[in-house]
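Each residue of the sequence shown is one higher than the one before, counting from 1 in UniProt numbering.
The block underneath contains the structure these notes are about, expressed in structure tokens.
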Amino acid sequence: MSKLVSSGNYDCPRPSASAARVRIGSVGSVALLTLLAGCAHSNAPGQIFDYASVTSAAAAPPSGRTTGQREQPRAKLVTAVLGTLQKGPGYTVESNVGSDGRYSTYVFTTEFGTYPVTGDDLARNHVQELVALDALKKHSLSGEFVHGAGNAVLSPIRGVVNTVTDPIGGAQGTYRNVTRRVSSVRRGLSKAGEFVTTFGRPERRQPERENESLLEKFVDRPKEKRRLAEALHVDPYTHFIPLSSELDKVASYSAAGSFGVNRGLGFVPGVAGTVISGLGTLDSLTSRTLDMSPDETAAINRERLEKLNIPADTTKRLLLSDKLTPTEKTRTVGFLSSMAGTSGLGTLASFVASSETRVGAFTAMQTLAYLSTRPFGNERVSGIEIVECIPVISVGANRRVALFTADDLAWTSENATQISKLSTALASSSNSRVRKEIWISANASAMTRRKLQLQGWLVKTNIFSPQVRLAAG
Numbered sequence: 001m002s003k004l005v006s007s008g009n010y011d012c013p014r015p016s017a018s019a020a021r022v023r024i025g026s027v028g029s030v031a032l033l034t035l036l037a038g039c040a041h042s043n044a045p046g047q048i049f050d051y052a053s054v055t056s057a058a059a060a061p062p063s064g065r066t067t068g069q070r071e072q073p074r075a076k077l078v079t080a081v082l083g084t085l086q087k088g089p090g091y092t093v094e095s096n097v098g099s100d101g102r103y104s105t106y107v108f109t110t111e112f113g114t115y116p117v118t119g120d121d122l123a124r125n126h127v128q129e130l131v132a133l134d135a136l137k138k139h140s141l142s143g144e145f146v147h148g149a150g151n152a153v154l155s156p157i158r159g160v161v162n163t164v165t166d167p168i169g170g171a172q173g174t175y176r177n178v179t180r181r182v183s184s185v186r187r188g189l190s191k192a193g194e195f196v197t198t199f200g201r202p203e204r205r206q207p208e209r210e211n212e213s214l215l216e217k218f219v220d221r222p223k224e225k226r227r228l229a230e231a232l233h234v235d236p237y238t239h240f241i242p243l244s245s246e247l248d249k250v251a252s253y254s255a256a257g258s259f260g261v262n263r264g265l266g267f268v269p270g271v272a273g274t275v276i277s278g279l280g281t282l283d284s285l286t287s288r289t290l291d292m293s294p295d296e297t298a299a300i301n302r303e304r305l306e307k308l309n310i311p312a313d314t315t316k317r318l319l320l321s322d323k324l325t326p327t328e329k330t331r332t333v334g335f336l337s338s339m340a341g342t343s344g345l346g347t348l349a350s351f352v353a354s355s356e357t358r359v360g361a362f363t364a365m366q367t368l369a370y371l372s373t374r375p376f377g378n379e380r381v382s383g384i385e386i387v388e389c390i391p392v393i394s395v396g397a398n399r400r401v402a403l404f405t406a407d408d409l410a411w412t413s414e415n416a417t418q419i420s421k422l423s424t425a426l427a428s429s430s431n432s433r434v435r436k437e438i439w440i441s442a443n444a445s446a447m448t449r450r451k452l453q454l455q456g457w458l459v460k461t462n463i464f465s466p467q468v469r470l471a472a473g
């Protein structure tokens, strides 16, 4: 009888490699599939997303009213961003969109309850997740996958067991990527050894949600999960627990059987404006890393960050962040690598790693994606610093560019205070000939632009859009 191993959000029986060799011949395919499907996320009842939330007051419905020197966030209807996607399979989104003056908050109602999603881009991505989940539930019935797998489930497991116990003989078989799989298993065994030698207190190298069991690797479920997610236009390591669990289940059946991940799924369109694939992969190494298991991904990302001379503490915080998925962390590392040689990369990495909210971490990653496009052309970036939680880029001899992410920036008390402190900090550390520029990722109200110009800022809005336009006046 195997022990129940608890690892973060995972609770499932995990037999040792030796136990698997002894029992493999007697395990039926249906029973083994059931075991694999059961190794999914086990979270607190009612939890929708698997990252830690920061408690804050819900965004109030915007009124758009101006009071003295401050203004309330402008009113916005959900159709302005989601269009006809306000309603879809198994979900609806409230018509009135809340805002804190910087990021919009969308309220989704699904079979899992009513809950908020903050950020225009994250709302679009979540719509895609709900569409994908509906497709899985309708067309990927477990009975069909069990029937399709049949006894074929035993063959790949035996093959991998032989590869682990006899790497030379296994290398002569028909399975590909033998070296990577053996290396992955050996890493798992190494972690077990470290647990013993450190008296049960090994240093964390990645979030528990990104760990994979030895049994999962035997049937290559993680690879099938990545392939399935790609077909559905979603992140395979989504924070959305219901979708992650369904991906785990279907990937188990697909990995064990002899059919492709698209069987029975039909056509699942991608929601226009989603950012999962829109950020790109930049280079071939980042692209290859995205197709690896999370522990392999973490190892390669760690090596790449070391080559960039990112401080070890920053690297640890970034790779252990629960606000970004392994996919997003890999892209973050790719964006940083594309800027190799730029002064201040450690500051940018820390900016992402220290984000305390999901929308903060996601928009910080988007900032890196934008910087990786080299928006300053041939002008030299001489330094990067974080001032009042805002990245400030020193460009050329006399430009200081502050990058401010927002869905729709209003001159609220909080935003006015933050930007005023930023202006004061830059004034005290720069000579009078320095040109201050603030680049805002999306929209800004007329009052916001006017107040910024009065403080001496040159204002650009919608910089994350294909067309970057200079604010009038």
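Note that the Cβ used here is the ideal one computed from N, Cα and C, for glycine as well.
Would a C-beta distance cut-off of 9 Å place residue i and residue j closer than the cut-off?
i, j, result
"LEU82", "ALA135", "no"
"GLN366", "ASP121", "yes"
"GLN128", "VAL271", "yes"
"LEU336", "LEU348", "yes"
"ILE300", "ILE48", "no"
"LYS329", "LEU318", "yes"
"ALA397", "TYR103", "no"
"ILE384", "GLY344", "yes"
"TYR370", "ILE463", "yes"
"GLU246", "LYS138", "no"
"residue 474", "VAL395", "In the structure as shown, the chain starts at 1 and stops at 473, and residue 474 therefore has no counterpart that could be examined."
"GLY334", "THR274", "no"
"SER465", "ALA442", "yes"
"PRO269", "ALA298", "no"
"SER109", "THR92", "It is Thr, not Ser, that sits at residue 109 in the sequence shown. Their beta carbons are under 9 Å apart, which means THR109 touches THR92 by this criterion."
"VAL392", "LEU368", "no"
"residue 555", "ASP322", "Lying before the first or after the last residue shown, residue 555 is absent from the chain, which here runs from 1 to 473."
"VAL106", "VAL78", "The question names Val, but residue 106 is Tyr in the sequence shown. Against a cut-off of 9 Å, the Cβ pair of VAL78 and TYR106 comes out as a contact."
"ALA416", "LYS460", "no"
Select from the options the residue whose C-alpha is nearest the C-alpha of residue i.
i, options, result
"LEU133", "ASP313, PRO311, LYS329 and GLY88", "GLY88"
"THR118", "VAL359, SER321, ALA442 and ALA406", "VAL359"
"ARG449", "PHE464, SER465 and ASP408", "ASP408"
"SER293", "LEU320, TYR237 and GLY346", "TYR237"
"ALA444", "GLY101, ASP50, ALA80 and TYR91", "GLY101"
"LEU243", "ILE390, LEU130, ALA425 and GLU111", "LEU130"
"ARG435", "ALA80, SER284, ALA361 and ALA402", "ALA402"
"ASP291", "ARG331, TYR253 and THR114", "ARG331"
"GLY346", "GLU388, LEU282 and LEU305", "LEU305"
"ASN125", "ASP235, THR357 and PHE404", "ASP235"
"ARG400", "LEU454, SER420 and SER429", "SER429"
"PHE362", "GLN72, LYS76, HIS239 and TYR253", "HIS239"
"ARG433", "GLY456, GLN72, SER420 and LEU285", "GLY456"
"ASN378", "THR342, GLU296 and ALA364", "THR342"
"residue 479", "THR286, GLU111 and GLU388", "Only positions 1 to 473 of the chain appear in the structure, and residue 479 is not among them; the question remains open."
"GLN72", "GLN453, ALA52 and SER413", "SER413"
"GLY90", "LEU454, GLY113 and GLU296", "GLY113"
"ALA52", "SER420, THR286, LEU320 and GLU303", "LEU320"
How close, in whole Å, do the beta carbons of residue i and residue j come, if the pair is a contact with beta carbons under 8 Å?
i, j, result
"GLU437", "LEU458", "4 Å"
"ARG74", "TRP411", "Rounded, the Cβ-Cβ distance is 11 Å, inconsistent with contact."
"LYS223", "ASP248", "With a Cβ gap of about 13 Å, LYS223 and ASP248 do not count as contacting."
"MET339", "SER372", "6 Å"
"PHE404", "ILE390", "6 Å"
Inter-stretch contact at 8 Å, needing at least 3 Cβ pairs: the region 94-106 / the region 220-234: no
Segment contact flag, the region 309-323 with the region 343-363, C-beta cutoff 8 Å, min 3 pairs: yes
Those runs of the alpha helix (DSSP H) which lie wholly inside the region 389-454 and span at least 4 residues: 413-429 and 446-454
4 or more residues per run - each alpha helix (DSSP H) lying fully within the region 280-354: 284-290, 294-307, 312-319, 326-338 and 345-353
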